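For any residue, its number in this note's numbering is found by taking its place in the sequence shown, counting from 1, and adding 240.
The structure under discussion appears below in the form of structure tokens.
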Amino acid sequence: MRDGSVTVLGDTANEEHSLTDTGVSEVRPRKRIGRLRRAAMALGLSIALPLGLAVVAVGPTANAAFDPGAQDVWADSAMGPIKSRVWRASDGNRNKVVYLLDGLRARTDLNGWEIETNVGPFLASQGINVVMPVGGQSSFYTDWYAPSNFNGQKTTYKWETFLTQNLPDRLAAGDLGFSRSRVGVVGISMGGSAALTLAAYHPNQFSYAGSLSGYLNISAPGMREAIRVAMLDSGGYNVDSMWGPPWNPAWLRNDPFVFAPRLRDNGTRVWVSAASGLPGVYNTPQTPIDYFNTATGMGLEALALANSRAFQVRMASIGANNVTYNFPAQGTHMWGYWQDQIYNMKNDLYANIG
């Protein structure tokens with residue numbers, strides 16, 4: 241992709257879109273009945289099979305989960321000490337840095353990127369310092385209003401503050417000395433929308449944002465209800481403790497479809513990817529639970545694709561030309577496909593950070 245251009249990779253869409261006066265995307269399919277049926281099916285799957293389930297069905301792993309080549313870096317925060325895993329760039333530079341954000345079922349011991357992929361050492365070998373924050377299940381990496389009152393959460397999530405203040409302070413200090421500006425942030429699923437949000441509101445820190453199978457139109461019909469159900473399933477979290485009830489302005493503040501002009505005006509380099517939902521090379525189900533998770537991943541990825549396509553139309557409607565879109569013809573909501581996207585975006589990422 242070159243500056244001043246919009247790149248679409250694997251573009252097989254056959255929809256027509258428009259924006260209403262209220263900024264809500266309307267999809268006007270050429271084959272209306274079939275596409276509406278598929279959209280309804282995807283939405284139904286997203287509610288019945290919540291958004292976090294497919295992250296469990298990761299397929300073949302690329303490493304042994306814990307990488308001794310990384311180091312633990314702890315940073316204090318309002319949530320207590322938070323661990324990140326860090327891979328230093330092989331060439332020793334301290335300017336090219338990317339944060340990799342996890343999905344809805346983020347664990348407290350390791351980031352899913354480390355557990356399921358080899359992108360930490362890979363990007364480090366390419367001259368990029370990699371930072372993987374650990375934790376944040378169902379957090380959307382945002383600052384919550386209050387602790388979740390459904391599951392006895394003790395502290396209020398303050399992930400946006402952590403990622404934009406506490407963590408960069410720690411990374412800039414001591415033996416690390418990492419740059420605080422022109423940093424990249426890339427996330428999957430829940431972390432995809434969060435990556436775009438962080439870049440939109442903190443342009444002095446983030447010059448690059450990537451959403452892989454992210455939900456970029458959360459004000460669309462059914463999305464807020466789907467997120468509510470997903471967060472209950474993933475840890476029993478109450479979404480009202482995050483952004484308040486559905487009519488609270490915080491929902492709009494964190495919706496990439498709504499804040500798209502910020503990304504355009506900031507000049508943020510953006511990478512958006514979502515696959516078709518059709519099984520591909522990483523889908524090799526053998527047991528009943530494998531087939532269940534594959535079906536779940538198909539529905540989730542179809543929903544992510546619909547969201548990402550809506551975001552594409554929104555950016556085009558406001559004249560934004562700073563986005564690369566990659567829509568593979570095959571792929572479900574799985575780590576193998578997200579690892580492939582990191583390999584695809586590596587050159588673009590390297591050129592636009594540091």
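Each residue gets a CB set at the ideal place from its N, CA and C atoms; glycine is no exception.
Since the model is a prediction, treat every value here as computed from it, not as a measurement.
| Item | Value |
| --- | --- |
| 3-residue-minimum beta strand (DSSP E) runs that sit fully inside the stretch 306 to 358, ordered along the chain | 311 to 315, 322 to 327, 337 to 341 |
| Pairwise C-alpha distance: N389 and D307 | 35 Å |
| Distance CB(N351)-CB(V326) smaller than 8 Å | no |
| For L452, the residue or residues it bridges with in DSSP | I428, S513 |
| Nonlocal neighbours in the same chain, by C-beta distance under 7 Å from S286, ignoring five residues either side | The predicted model places S286 with a pLDDT of 40, which falls under 50 and marks its position as unreliable, so this point remains unresolved. |
| C-beta contact flag for R509 and A560 at 8 Å | no |
| Distance CB(F497)-CB(A556) smaller than 8 Å | no |
| Residues of its chain near F418, where Cβ-Cβ distance is below 7 Å and the 5 sequence neighbours each way are ignored | R334, V337, N369, L411, A412 |
| C-alpha gap between G517 and M463, whole angstroms | 18 Å |
| 8 Å contact criterion, which L183 and L456 should meet: CB distance rounded | Residue numbering for the chain in the displayed model covers 241 to 594; residue 183 lies beyond these limits and cannot be assessed. |
| Identity of the residues DSSP links to D383 by a beta bridge | K398 |
| Reference P461, options P408, N547, G576, D530, closest by Cα | N547 |
| Those runs of the beta strand (DSSP E) which lie wholly inside the stretch 502 to 575 and span at least 3 residues | 509 to 513, 563 to 566 |
| Span separating the alpha-carbon of M281 from that of S379 | With a pLDDT of 40 at M281, under the threshold of 50, the predicted position of this residue should be treated as unreliable, though the coordinate-derived value follows. Their backbone Cα atoms lie some 27 Å apart in a straight line. |
| Through-space distance from V359 to I582, alpha-carbon basis | 7 Å |
| P373 (DSSP reduced to helix, strand or coil) | strand |
| Whole-angstrom distance between G432 and H573, CA atom to CA atom | 12 Å |
| Of the listed residues R502, R345, N562, W578, nearest to N592 (C-alpha basis) | N562 |
| Nearest neighbour of S421, chosen from M372, Y339, P489 [CA to CA] | Y339 |
| Where V423 falls: helix, strand or coil (DSSP) | strand |
| Neighbourhood of F222 by C-beta, 6 Å cutoff - its chain only, sequence neighbours within 5 removed | Nothing can be reported for residue 222, as the shown portion of the chain is limited to 241 through 594. |
| Own chain partners of P361 with C-beta closer than 7 Å, once the 5 adjacent residues on each side are dropped | D307, G309, W327 |
| Short Cβ contact (8 Å threshold) for V371 with S330 | no |
| Which listed residue (R345, G367, G376) has its alpha carbon closest to that of P321 | G376 |
| Endpoints, alpha helix (DSSP H) assigned at D409 | 407 to 412 |
| According to DSSP, residues forming a beta bridge with F446 | V423 |
| Spatially closest choice to M319 from W575, T396, Q526, I558, by CA coordinates | T396 |
| Buried/exposed call for D342, threshold 16 Cβ in 10 Å | buried |
| Burial state of V553, where buried means 16 or more other Cβ atoms lie within 10 Å | buried |
| Reduced DSSP category for F418 - H, G, I as helix; E, B as strand; rest coil | coil |
| Length of the line joining the Cα atoms of G507 and P501 | 10 Å |
| Euclidean distance between Cα positions of L363 and K586 | 7 Å |
| Unbroken alpha helix (DSSP H) run spanning S481, endpoints | 480 to 483 |
| Spatial distance of G594 from I529 (CA atoms) | 43 Å |
| Where Q445 falls, given that 16 or more other Cβ within 10 Å makes a residue buried | buried |
| Beta carbon of W491 nearer than 8 Å to that of I458 | yes |
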